[in-house]
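Numbering (my numbering), first residue to last: -11 to 292.
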């Protein structure tokens, strides 16, 4: 759902849920349930609401249940998070716009106030309308969905481990995730480095230690800087595979990390190595590795 407060979003969401058997997840209801208030204005409270909202939608999609997410969704990045989650679970995705104008929304909000019901105030609706005018609402469509093909263990192939970089062996020290000019400032994860180097140095099998394959969602424009960072931080690696710069889907959307890594796996690893395990952090990518049938050790929470 997308629309201003008072636009009729919740009414429409309830109608869709009733007609389709979907479950409605409402941000306002979560606010009331968690904090006994429809909006506290506190950042920490909104973060808790977001955590609960995403957890509910994750669980429902995982169980095969359709979901109607009832919130304003005026900021496009909020819709794109749901867009990616839907693709991750192979679910259809659609944005239902309830494009009721500012003045009518404000009038409905004023009527709610007079009735002693929940309201936000005409000034809030006016600010939203100025910042997110209906004519500028971007179209956010369904991402291409896919079903990953499980991988089989093939006797005779060399063994390998797959290691992620950002959030796994490297941690940003203040830089933007997309500022690749500053990757040299990242700090190393001592525990992951120790594990990777220990495995790379193990020689207790006739075949020798597994190959270490780094597979990263970073654009390959920073390949040289990334490789230098690995060397400077004394992290062993045999191969480094990175996102092709400008990789997009059929609709021109930037490919999500899980799809990039699936493509890299098919191109460079499938049929060439038997993978013992994967080290990664991001939920969407961890779910991919496990869908392939690989053992993935998630190094830290990654719901983003």
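Ideal Cβ placement from N, Cα and C applies to all residues, glycine included.
From a predicted model like this one, the values you see are computed outputs, not experimental measurements.
A distance of 8 angstroms or more separates the beta carbons of residue 117 and residue -6. Counting along the chain, residue 110 sits inside the alpha helix (DSSP H) bounded by residues 110 to 119. Nearest to residue 17 by C-alpha distance, out of 26, 104 and 11, is 26.
Residue 125 has its alpha-carbon roughly 12 angstroms from the corresponding atom of residue 65. Around the beta carbon of residue 141, fewer than 16 other beta carbons lie within 10 angstroms, which makes this residue exposed. Straight across, the Cα-Cα distance linking residue 60 with residue 89 is about 14 angstroms. Scanning its chain for C-beta atoms nearer than 6 angstroms, with the 5 sequence neighbours on each side dropped, one finds around residue 86 the residues -9, -5, -4, -3 and 0, in chain order.
Collapsing the DSSP output to three states places residue 18 in a helix. In this structure, residue 173 places its C-beta atom within 8 angstroms of the C-beta atom of residue 161. Around the Cβ of residue 135, a 10 Å sphere holds fewer than 16 other Cβ atoms; the residue is exposed.
Of all alpha-carbon atoms in 100, 103, 119 and 130, the one lying nearest the alpha-carbon of residue 79 is that of 130. When the beta-carbon positions are compared, residue 139 and residue 48 stay at least 8 angstroms from each other. In this structure residue 146 is in contact with residue 195, their Cβ atoms being roughly 7 angstroms apart against a cut-off of 8 angstroms.
Rounded to whole angstroms, residue 233 and residue 20 show a C-alpha spacing of 44 angstroms. For residue 33, the enclosing alpha helix (DSSP H) has its first and last residue at 31 to 50. With a contact defined as Cβ atoms closer than 8 angstroms, residue 177 and residue 201 miss out at about 17 angstroms.
Closest in C-alpha terms to residue 29, from the list 40, 108 and 171, comes 108.
Comparing alpha-carbon positions, the option among 45, 22 and 156 lying closest to residue 36 turns out to be 22. Contact between the stretch 211 to 226 and the stretch 177 to 186 is present: three or more C-beta pairs spanning the two stretches fall below 8 angstroms.
Beta-bridge analysis with DSSP links residue 247 to no other residue.
For residue 263, the three-state secondary structure derived from DSSP is strand. Shown here, residue 230 sits in a strand according to DSSP, grouped into three states.
Residue 204 carries a strand assignment under DSSP once its states are collapsed to helix, strand and coil. Note on geometry: alpha-carbon atoms of residue 52 and residue 207 lie some 33 angstroms from one another. Nearest to residue 12 by alpha-carbon distance, out of 45, 40, 33 and 38, is 45. In the assembly as shown, residue 219 is an exposed residue. Its beta-carbon has fewer than 16 other beta-carbons within 10 Å.
Between residue 267 and residue 287 a beta carbon distance of about 6 angstroms is seen, short of the 8 angstroms cut, so the two are scored as contacting.
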